Amino acid sequence: MRILFAGNPDIAVPTLESLHNSSHEVVGVLTNPVTKAGRGLKMNSTPIAQAALRLWGESVPILAFETLKSEARAAVSAILPDILVSFAYGRIFGPRFMELFPKGGINVHPSLLPRWRGSSPIPHAIMFMDKETGISIQTIAPEMDTGELLHVHRIPLKGRETSASLSELCAQLAGPMVVEVLDEIERGIAKPRPQIGEPTYCRKITKEDGHIDWHRPSREIDARIRAFDPWPGSFTFLRNLRLSILEVEPFDDFDSMSNAGYMTNHSPGTIIAAVVQKGIIVKAGDGYIAIKRLQVATRKAVGFQDFSNGARDIIGAVLR
Numbered sequence: 195m196r197i198l199f200a201g202n203p204d205i206a207v208p209t210l211e212s213l214h215n216s217s218h219e220v221v222g223v224l225t226n227p228v229t230k231a232g233r234g235l236k237m238n239s240t241p242i243a244q245a246a247l248r249l250w251g252e253s254v255p256i257l258a259f260e261t262l263k264s265e266a267r268a269a270v271s272a273i274l275p276d277i278l279v280s281f282a283y284g285r286i287f288g289p290r291f292m293e294l295f296p297k298g299g300i301n302v303h304p305s306l307l308p309r310w311r312g313s314s315p316i317p318h319a320i321m322f323m324d325k326e327t328g329i330s331i332q333t334i335a336p337e338m339d340t341g342e343l344l345h346v347h348r349i350p351l352k353g354r355e356t357s358a359s360l361s362e363l364c365a366q367l368a369g370p371m372v373v374e375v376l377d378e379i380e381r382g383i384a385k386p387r388p389q390i391g392e393p394t395y396c397r398k399i400t401k402e403d404g405h406i407d408w409h410r411p412s413r414e415i416d417a418r419i420r421a422f423d424p425w426p427g428s429f430t431f432l433r434n435l436r437l438s439i440l441e442v443e444p445f446d447d448f449d450s451m452s453n454a455g456y457m458t459n460h461s462p463g464t465i466i467a468a469v470v471q472k473g474i475i476v477k478a479g480d481g482y483i484a485i486k487r488l489q490v491a492t493r494k495a496v497g498f499q500d501f502s503n504g505a506r507d508i509i510g511a512v513l514r
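Per my numbering, residue 195 is the first one in the sequence shown, and the count goes up by one each step.
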């Protein structure tokens with residue numbers, strides 16, 4: 195089949211590569227326009243645009259529009275696609291746009307729909323400590339993430355995943371799933387089925403979400419730090435020094451702390467100790483958090499031992 199692929203970020207690149215290696219023909223790639231970013235405001239194209247150039251050179255058109263109105267529809271109509279394949283494109287496809295695809299469209303969504311509809315399902319699954327997540331291939335519907343399911347792959351979660359590691363896993367799994375679904379659609383044997391269960395929705399994650407609230411339970415703090423890796427990142431303040439917190443784990447052994455002579459009735463955020471092979475121990479709303487890796491602004495990331503050796507008088511200080 196003739197495919198228009200729509201996507202933007204790195205997570206969608208392996209799926210585009212799988213389509214390149216399949217029997218189907220990618221006739222166009224729809225992505226966001228070039229943006230200015232970084233020092234000197236360099237022109238940056240999306241990872242999907244870069245991958246398309248690497249895979250096809252200039253033989254496959256890259257369509258980059260601010261909106262999907264008449265100009266975009268005309269460009270898509272000219273390449274005569276059969277079906278739309280979307281992964282992390284970030285926009286709603288209206289009915290007039292979808293009329294351009296005789297076989298409709300499919301979308302890759304990295305959750306077990308109808309759980310975590312919306313734009314940030316991976317961090318939400320980690321943040322809410324789900325026992326499993328997955329990848330859903332759905333038909334494209336007028337309302338976001340309400341399409342019928344064509345293929346679902348379940349992923350058990352061990353409780354140590356980050357958004358970075360889980361995104362990489364989903365990226366690698368999605369490509370073969372998409373090719374399999376396209377093969378079934380082409381052969382007329384695809385069996386769409388409705389989503390079952392009460393839907394849950396992602397909210398927009400902001401930079402301020404990364405500011406650690408030490409009054410939360412220790413396991414919730416740990417989950418949020420993993421969910422916000424790599425973006426927006428997690429941070430706290432030691433006096434007036436901003437610290438990026440890169441790796442932690444819950445440390446809930448109250449007995450060992452009190453038996454070692456440490457006071458255990460401190461307020462949340464208090465640095466209790468630096469424990470060998472464990473980390474910088476911080477009081478949480480319940481239990482403790484062991485900080486293992488951190489970074490001071492403009493400096494390189496370091497292990498907790500290097501930081502505690504170089505920092506003065508941190509025991510008893512309160513992180514805010």
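For each residue, glycine too, the CB sits at the ideal point set by N, CA and C. Here the structure is a predicted model, which is why all the values come from computation and not from measurement.
From which residue to which residue does the alpha helix (DSSP H) around residue i run?
i, result
"Gly328", "Premise fails: Gly328 lies in the beta strand (DSSP E), Glu326 to Thr333, not in any alpha helix (DSSP H)."
"His318", "Pro315 to Met321"
"Leu360", "Ser357 to Arg381"
"Pro241", "Pro241 to Trp250"
"Arg436", "Where Arg436 is concerned, there is no enclosing alpha helix (DSSP H), although the beta strand (DSSP E) it sits in stretches over Leu435 to Pro444."
"Leu210", "Val207 to His214"
"Phe498", "Phe498 to Gly504"
"Ala272", "Ser264 to Ala272"
"Glu414", "Ser412 to Ala421"
"Arg290", "Pro289 to Met292"
Given residue i, which residues of its chain have a CB within under 8 Å of its CB, disregarding the five upstream and five downstream residues?
i, result
"Asn202", "Thr225, Asn226, Thr240, Pro241, Ile242, Ala282, Tyr283 and Gly284"
"Phe429", "Gly404, His405, Ile406, Arg436, Leu437, Ser438 and Ile439"
"Ser357", "Ile316, Pro317, Ile320, Arg420, Ala421, Phe422, Asp423, Pro424 and Trp425"
"Ile390", "Pro308"
"Val254", "Val220, Val221, Gly222, Val223 and Ala246"
"Leu274", "Arg196 and Val221"
"Arg433", "Ala511"
"Leu306", "Glu326, Thr327, Gly328, Ser330, Val346 and Arg348"
"Gln489", "Leu437, Ser438, Leu440, Ala495 and Val496"
Compare the C-alpha of residue i against each of the options and name the closest.
i, options, result
"His347", "Lys263, Met338, Thr333 and Cys364", "Cys364"
"Ile329", "Pro424, Thr209 and Pro336", "Thr209"
"Phe498", "Ala478, Gln366 and Ala467", "Ala467"
"Ile379", "Ala319, Phe422, Pro350 and Gly299", "Gly299"
"His214", "Thr327, Pro370 and Met338", "Pro370"
"Pro308", "Arg387, Glu414, Lys477 and His409", "Arg387"
"Ile331", "Asp324, Lys325, Val512 and Arg311", "Arg311"
"Ile197", "Phe431, Leu278 and Ser438", "Leu278"
"Pro462", "Val496, His409, Arg420 and Leu488", "His409"
"Pro289", "Ser357, Ala272 and Leu262", "Leu262"
"His218", "Gly382, Ile509 and Asp377", "Asp377"
"Lys325", "Glu342, Lys352, Ala335 and Glu337", "Lys352"
"Asp276", "Thr492, Ser264 and Phe199", "Phe199"
"Glu342", "Asn503, Asp500 and Val302", "Val302"
"Gln244", "Leu367, Ala272, Ala491 and Val207", "Val207"
"Leu249", "Ile273, Ser216, Thr340 and Met195", "Ser216"
"Arg418", "Asn434, Arg433 and Lys401", "Lys401"
"Lys385", "Thr333, Lys477 and Asn434", "Thr333"
"Ile500", "Ser212, Gln471, Ser264 and Glu414", "In the sequence on display, residue 500 carries Asp and not Ile. Here the closest residue by C-alpha is Gln471."
"Ala335", "Val476, Ile349 and Ser280", "Ser280"
"Ala368", "Arg381, Ile349 and Ile383", "Ile349"
Looking at the secondary structure, which residues open and close the beta strand (DSSP E) in which residue i lies?
i, result
"His345", "Leu343 to Pro350"
"His303", "Gly299 to His303"
"Gly201", "Arg196 to Gly201"
"Ile485", "Tyr482 to Val490"
"Phe431", "Ser428 to Leu432"
"Phe281", "Ile277 to Phe281"
"Leu306", "Neither: Leu306 is in no beta strand (DSSP E) and is coded neither H nor E."
"Gly404", "Here Gly404 belongs to no beta strand (DSSP E), and DSSP marks it neither H nor E."
"Ala258", "Ile256 to Ala258"
Identify, in the order they occur along the chain, each residue of the same chain with its Cβ nearer than 6 Å to the Cβ of residue i, setting aside the five sequence neighbours on each side.
i, result
"Asp204", "Pro241"
"Pro304", "Pro315, Ile316, Ile329 and Cys364"
"Phe322", "none"
"Leu257", "Gly222, Leu224 and Ala269"
"Leu360", "Ile316"
"Lys494", "none"
"Phe259", "Ala266"
"Val536", "Examination of residue 536 is not possible in this model, given that the chain is present from 195 through 514 alone."
"Gly473", "Ala484, Ile485, Lys486 and Phe498"
"Phe431", "Arg514"
Given residue i, which residues of its chain have a CB within under 7 Å of its CB, disregarding the five upstream and five downstream residues?
i, result
"Asp416", "Val442, Glu443, Pro444 and Ile483"
"Ile399", "Ser314, Pro317 and Pro426"
"His345", "Ile331, Met371, Glu374 and Val375"
"Asp480", "Pro411 and Ser412"
"Asp446", "Ser412, Gly481 and Tyr482"
"Ile286", "Met338"
"Glu355", "Ile320 and Arg420"
"Glu362", "none"
"Leu235", "For Leu235, the predicted structure reports a pLDDT of 44, less than 50, and the residue's modelled location is therefore unreliable. A value from the coordinates is still provided. Cβ neighbours of Leu235 beyond the five flanking positions: none."
"Ser502", "Ala468, Ile474 and Ile508"
"Gln366", "Pro208"
Is the Cβ of residue i closer than 8 Å to any Cβ of chain D?
i, result
"Ile390", "Among the protein chains of the structure shown there is no chain D, as only one such chain exists."
Problem set entry | Three or more C-beta pairs below 8 Å linking the region 288–295 and the region 389–407 | Segments in contact, no.
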